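Working notes for the structure below.
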Amino acid sequence: MYSYDLVVVGGGASGIAASIKAKELGIKKVALIDEKNYLGGVLPQCIHSGFGLVYFKEDLTGPEFTEKLAQKVMETDLDIYTSTFVSKIAYRDYFEKLVYAVSKHGIKKFKTKTIIYSTGCRERNIYEIGILGNRPSGVFTAGEAQTLMDIYGVMPGREIVIVGSGDIGLIMARRFALQGANVKAVVEIMPYPGGLTRNIVQCLNDFNIPLLLNHSVLRVIGKNRVEEVEVCKLDENRKCIEGSKFRIKCDTLVISAGLVPRVELLEDLGVTIDPITKSAVVNDRLETSLPGVFVAGNSLVVNDLVDYAVEQGEMAAQGASEFIFNKGINAVLWKKVKLNGNIRFFIPQLISGEKAVTMYGRVLTPEENVKLKVSEINKEIPFVRVRPSEMIRLKLSKDELSSARGESLTFSIFKRGAQLGE
Amino acid sequence: MNKEKIAIIGAGIIGASIARVLSRYENIEIHLIEMETDVGWGVSKANTAILHAGYDDDPFLYPNRAKYCVRGNYLWRKWSKQLQIRTSWNGSLVLSFSKEDEEELYNLLERGERNGVKGLRIIEKREIQKLEENVSPNVTLALWAPTAGQISPFEAVAALVENAVENGVILHLETKVLDIVEDGTRITKLVTNNGEIEVDWVINAAGLYADYIAKLVGEEDFKITPRKGEYFLFNDRAKPKVSRILFPAPKPKSKGVVVTTTVDGNLMIGPNATDLPEDEKENRETTQEGLEEVWREASKLVKNLPSKSEVIKTFAGLRPEPTGGDFVIRPHNSLLGFINVAGIRSPGITSAPAIAYEVPKMLLHLGARLILKKNWNPIRRRIVKFSRSSNRRKRELIAMNPLYGNIVCQCEMVTEAEVVEAIRRGAKTVEGVKLRTRAGMGKCQGAFCRIKIAMILSRELKIKPWQVKVKGTGSEIGVGDLFSLLRK
Amino acid sequence: MENKRKLVKLTCIVCPIGCEVEVVTEDDNIVSVKGNKCQNGEKYVRGEVIQPRRLVFTVLKCKNGSMPTVAVKTSKPIPKFLISDVMKYLSNIEVSAPLKVGNVIVQNILNSGADIVVTRGVDLLDQSQKHN
Numbered sequence: 001m002y003s004y005d006l007v008v009v010g011g012g013a014s015g016i017a018a019s020i021k022a023k024e025l026g027i028k029k030v031a032l033i034d035e036k037n038y039l040g041g042v043l044p045q046c047i048h049s050g051f052g053l054v055y056f057k058e059d060l061t062g063p064e065f066t067e068k069l070a071q072k073v074m075e076t077d078l079d080i081y082t083s084t085f086v087s088k089i090a091y092r093d094y095f096e097k098l099v100y101a102v103s104k105h106g107i108k109k110f111k112t113k114t115i116i117y118s119t120g121c122r123e124r125n126i127y128e129i130g131i132l133g134n135r136p137s138g139v140f141t142a143g144e145a146q147t148l149m150d151i152y153g154v155m156p157g158r159e160i161v162i163v164g165s166g167d168i169g170l171i172m173a174r175r176f177a178l179q180g181a182n183v184k185a186v187v188e189i190m191p192y193p194g195g196l197t198r199n200i201v202q203c204l205n206d207f208n209i210p211l212l213l214n215h216s217v218l219r220v221i222g223k224n225r226v227e228e229v230e231v232c233k234l235d236e237n238r239k240c241i242e243g244s245k246f247r248i249k250c251d252t253l254v255i256s257a258g259l260v261p262r263v264e265l266l267e268d269l270g271v272t273i274d275p276i277t278k279s280a281v282v283n284d285r286l287e288t289s290l291p292g293v294f295v296a297g298n299s300l301v302v303n304d305l306v307d308y309a310v311e312q313g314e315m316a317a318q319g320a321s322e323f324i325f326n327k328g329i330n331a332v333l334w335k336k337v338k339l340n341g342n343i344r345f346f347i348p349q350l351i352s353g354e355k356a357v358t359m360y361g362r363v364l365t366p367e368e369n370v371k372l373k374v375s376e377i378n379k380e381i382p383f384v385r386v387r388p389s390e391m392i393r394l395k396l397s398k399d400e401l402s403s404a405r406g407e408s409l410t411f412s413i414f415k416r417g418a419q420l421g422e
Numbered sequence: 001m002n003k004e005k006i007a008i009i010g011a012g013i014i015g016a017s018i019a020r021v022l023s024r025y026e027n028i029e030i031h032l033i034e035m036e037t038d039v040g041w042g043v044s045k046a047n048t049a050i051l052h053a054g055y056d057d058d059p060f061l062y063p064n065r066a067k068y069c070v071r072g073n074y075l076w077r078k079w080s081k082q083l084q085i086r087t088s089w090n091g092s093l094v095l096s097f098s099k100e101d102e103e104e105l106y107n108l109l110e111r112g113e114r115n116g117v118k119g120l121r122i123i124e125k126r127e128i129q130k131l132e133e134n135v136s137p138n139v140t141l142a143l144w145a146p147t148a149g150q151i152s153p154f155e156a157v158a159a160l161v162e163n164a165v166e167n168g169v170i171l172h173l174e175t176k177v178l179d180i181v182e183d184g185t186r187i188t189k190l191v192t193n194n195g196e197i198e199v200d201w202v203i204n205a206a207g208l209y210a211d212y213i214a215k216l217v218g219e220e221d222f223k224i225t226p227r228k229g230e231y232f233l234f235n236d237r238a239k240p241k242v243s244r245i246l247f248p249a250p251k252p253k254s255k256g257v258v259v260t261t262t263v264d265g266n267l268m269i270g271p272n273a274t275d276l277p278e279d280e281k282e283n284r285e286t287t288q289e290g291l292e293e294v295w296r297e298a299s300k301l302v303k304n305l306p307s308k309s310e311v312i313k314t315f316a317g318l319r320p321e322p323t324g325g326d327f328v329i330r331p332h333n334s335l336l337g338f339i340n341v342a343g344i345r346s347p348g349i350t351s352a353p354a355i356a357y358e359v360p361k362m363l364l365h366l367g368a369r370l371i372l373k374k375n376w377n378p379i380r381r382r383i384v385k386f387s388r389s390s391n392r393r394k395r396e397l398i399a400m401n402p403l404y405g406n407i408v409c410q411c412e413m414v415t416e417a418e419v420v421e422a423i424r425r426g427a428k429t430v431e432g433v434k435l436r437t438r439a440g441m442g443k444c445q446g447a448f449c450r451i452k453i454a455m456i457l458s459r460e461l462k463i464k465p466w467q468v469k470v471k472g473t474g475s476e477i478g479v480g481d482l483f484s485l486l487r488k
Numbered sequence: 001m002e003n004k005r006k007l008v009k010l011t012c013i014v015c016p017i018g019c020e021v022e023v024v025t026e027d028d029n030i031v032s033v034k035g036n037k038c039q040n041g042e043k044y045v046r047g048e049v050i051q052p053r054r055l056v057f058t059v060l061k062c063k064n065g066s067m068p069t070v071a072v073k074t075s076k077p078i079p080k081f082l083i084s085d086v087m088k089y090l091s092n093i094e095v096s097a098p099l100k101v102g103n104v105i106v107q108n109i110l111n112s113g114a115d116i117v118v119t120r121g122v123d124l125l126d127q128s129q130k131h132n
């Protein structure tokens, strides 16, 4: 039995950041556990740049970002367990949780006061997005193709079709093209691209890769390896337009159709799950419904920027340190976050009002010239445009929150110039 | 003494069962011939995996089905223990929702009695609800068959083949029979893509291709029609599950869409039944209409299905529907040495052991000499499942072999030791590892572990990473090293 | 010879706004820039019209390493037209562990002024983990 104040499960960006912050805050015994034999989670295979502009004030590649974080972590005296897989978490009591982990050295049991769960997310697969047809080889999720190429140095295919125009899909399109593959199309069901404009320019336009908006891959054709995919054009209700079906010859189909937080072990613990974010409901310390169990990074919410994941790791570490030194989180009537109109979610879902909080949210559909309003505190923030693919991050100060009355905080989006109808 | 040579064409559940039964004899050389990269990849891989009780099959219309199903159901109890194949004997309920359905239940009961099925009863709503909490509230009566069960069909084939090979059977993979040579009276050899094999006897257990094989020796009196069935598989956390196998009252073409929980604990619904043209023996495409039908029909049997977002996989399998509908189990009418075991559609898995014991009987009848071995080994041990072991056992396993401490598939908690063991037992592909260990069968459907498994295969088989096959021939995971396309 | 005027339409990628910018050129000179909302945008489109440059990222095969590859990048953006030649050049390069972040693999590759530098280092192979 190993005894800790904090066990961080998952050594990606948010987990590492949480560990570092925890040490800075004076938490004595901290363990960081990861199943891989290296730290960084998915970052070491994201060999392109665009990481760390906020956290390190530098434009780094994924591996460079990891290296910098890892250097910071090495300067601390926390215990790092790599190649160690957390198989179970048990809740004993308000101040005691157990973490079971498997490694080549056996099964370890950690007793801990707090847990930060930062296991990242997984990619939606071909079945989840309803692609029909055969099930041959040559279908990869984007991350899987990336692992194959940029960790193992294997070229997955020659003629590529990519499903989904989010940043990951666009970056993989460029990655394939750069290595000499023929990227035949990026297929996007929405009328607008999912990724940033800079990625449309640098990943698609640079390599003359067609972007098929309002299109859907219906089925896969091929016995042992993908031979073709059937594509159709969609109408405004995203239904297939009669007679619009056509086929694209390819040997590889890459699925980049969204990410889902991985919180299976927390589900097993009976943690309350938000059906929209598909992760735990958290308060402004990022604490779940289970006392002393915190979530951060992509297992809390799928982030656009690694910097946000890092920030959440640090928020969770703050929460854990408060839990440890204050012997728990003070009782309070939590304000519930309520949503109006074009908003998909905002987290944390529960706000104490006792302290400043950073909120993360997404809209449902793109809109221009809008204002985001938080009714109870009379806060309005203008936006030139909002898009589902761009996370909204905003800070609410303690002062602002202290003016809020009632049991809720209502977020809404409305057109600039228009009055918000109540 | 020269051994007589027997070739079994097809290493599905039928060919594998026959191989095991024939491996009990010492004076024969047995060749098990499979065109795919692994055993059990045809009909046996994708089906409902039910061990039927045996009340479905009309003994007058389908005497073989009626006879072998009941016997096979009984035999599986012993076989599954000897071979450590997972089964669950949870029983089946045929549900009625109308007067017509009810009449059908009484027909089934009568048929079951005639076929010798034990324990059948018609039961009323209260008892039904006790046996199955999630049954639809609209149910009126049910036929309760306590002898029905579930099996893991791929595991069954793998176990049978491992046991047969242990007892001397020679397995030929990726070997396609192109021609069968005879000398006018009897069979002399097989011509395959991998050369010729001298044989005295040929057992045609070629599943969907049994009509093609029979045609090679001039038999054209039966055809095999591929009948496609589509399925949804839910993740193992999806609820509500069912504790029994739920059938609707049967339809002429099939037993209808079933709701069941697999031996691995995943809720599964399916199949529909679509007859395909004879030449579409590889059409395992899922379709919109097919899947919608399955969902609609399954919904009728239960109070609730889990949400569609809990589905982890949709797939389709093919059943080999023979002309006339009954199993074709008989020797060639003029050519000595050729025996058909063909058209083994549902209840084929259930019937397999019983059918297999029929083969030596036919061989003896045709004049073969068979002498039982003294040292035949009936036992096969399954691959140790780390995730299902106690904590103490887990510690022992890791201490014995540290590869048990490396989790390869996180969703199903499959270790590197299990993957290596699967490869040792004959897995040559990612699919082969998956079917033997369940690695890649969880929520992420292999996105996290497929590559790790490929790298272990590359190491163990001593091939380049990109040469690792995901499935069959031509399914290599890559086309070369990362810069291979730029060097041309 | 007559001077030729050309209109180039570009999407600015300096910030998320993504201004649609129109640039008029005459021979190799920029005559006008329209549509940008800021100075950085103008700077970007001018560069993009005269000589677009990109950072290039890839991984190279690595012998005796704890990982089978090492990640690299160009130390600064290189002209777009050079990218495919750089990639072809790299296709025949194999390196050996150990390598550290910042190590230079190729100096001044194809006279671009940029080096190929390591972004993901690799340790010497630990005998317990072997890759093909």
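Chains as they are written, first to last, in this note's numbering: chain A, 1 to 422; chain B, 1 to 488; chain C, 1 to 132.
Yeah, the Cβ is synthetic: ideal placement off N, Cα and C, and Gly gets one too.
What you are looking at is a predicted structure, and each value in this text was computed from that prediction instead of being measured.
C-alpha distance - residue i paired with residue j, whole-angstrom precision
| i | j | result |
| --- | --- | --- |
| A/V187 | B/R126 | 53 Å |
| B/A354 | B/R381 | 22 Å |
| A/F110 | C/L10 | 56 Å |
| A/E58 | A/H48 | 13 Å |
| B/L83 | B/A159 | 6 Å |
| B/L141 | B/D101 | 9 Å |
| A/G313 | A/Y117 | 9 Å |
| A/G12 | A/A331 | 32 Å |
| C/M1 | C/T74 | Annotation note: pLDDT 49 at C/M1 (below 50); position unreliable, coordinate value reported separately. If I take the Cα positions, the gap works out to 39 Å. |
| B/H31 | B/E280 | 28 Å |
| A/N125 | A/P193 | 20 Å |
| A/N37 | A/T82 | 5 Å |
| A/A309 | B/A447 | 22 Å |
| A/D235 | A/V73 | 51 Å |
Cβ-Cβ distance between residue i and residue j below 9 Å
| i | j | result |
| --- | --- | --- |
| C/P77 | C/R53 | yes |
| A/V254 | A/M190 | no |
| A/K88 | A/Q318 | no |
| C/V59 | C/V86 | no |
| B/E453 | B/L336 | Checking the sequence shown, residue 453 of chain B turns out to be Ile, not Glu. No, the Cβ-Cβ distance between B/I453 and B/L336 is not below 9 Å. |
| A/N342 | A/V363 | yes |
Same chain, Cβ closer than 8 Å to residue i, neighbours up to 5 away in sequence not counted
| i | result |
| --- | --- |
| C/D28 | I50 |
| A/N182 | R158, E159 and I160 |
| C/Q129 | Bear in mind that the predicted position of C/Q129 carries a pLDDT of just 47, short of 50, making it too unreliable to give a figure here. |
7 Å CB neighbourhood of residue i in its chain, flanking five on each side removed
| i | result |
| --- | --- |
| B/Y62 | G325 and D326 |
| A/K104 | S83 |
Residue i: CB within 8 Å of a non-hydrogen atom of the ligand PLP
| i | result |
| --- | --- |
| A/C240 | As presented, the structure is devoid of all ligands, the ligand PLP included, so that no description of it is given. |
**Request:** Ignoring anything shorter than 4 residues or poking outside the region 351-403 of chain A, list the alpha helix (DSSP H) runs there in chain order.
**Result:** 398-402
**Request:** Flag this pair as touching only if the region 108-122 of chain B and the region 410-419 of chain B have three or more C-beta atom pairs under 8 Å; answer yes or no.
**Result:** no
**Message:** If we require 3 or more residues per run, which beta strand (DSSP E) segments fall completely within the region 206-251 of chain A?
**Reply:** 215-221, 228-233 and 246-249
**Prompt:** With a cut-off of 8 Å, do at least 3 Cβ pairs link the region 209-217 of chain B to the region 259-274 of chain B?
**Reply:** no
**Message:** Count Cβ pairs between the region 365-380 of chain B and the region 220-240 of chain B that sit closer than 8 Å; are there 3 or more?
**Reply:** no
**Prompt:** Taking three-plus beta-carbon pairs below 8 Å as touching, is the region 85-105 of chain B in contact with the region 144-159 of chain B?
**Reply:** yes
**Item:** Minimum length 4: unbroken alpha helix (DSSP H) runs contained in the region 288-327 of chain A
**Value:** 306-325
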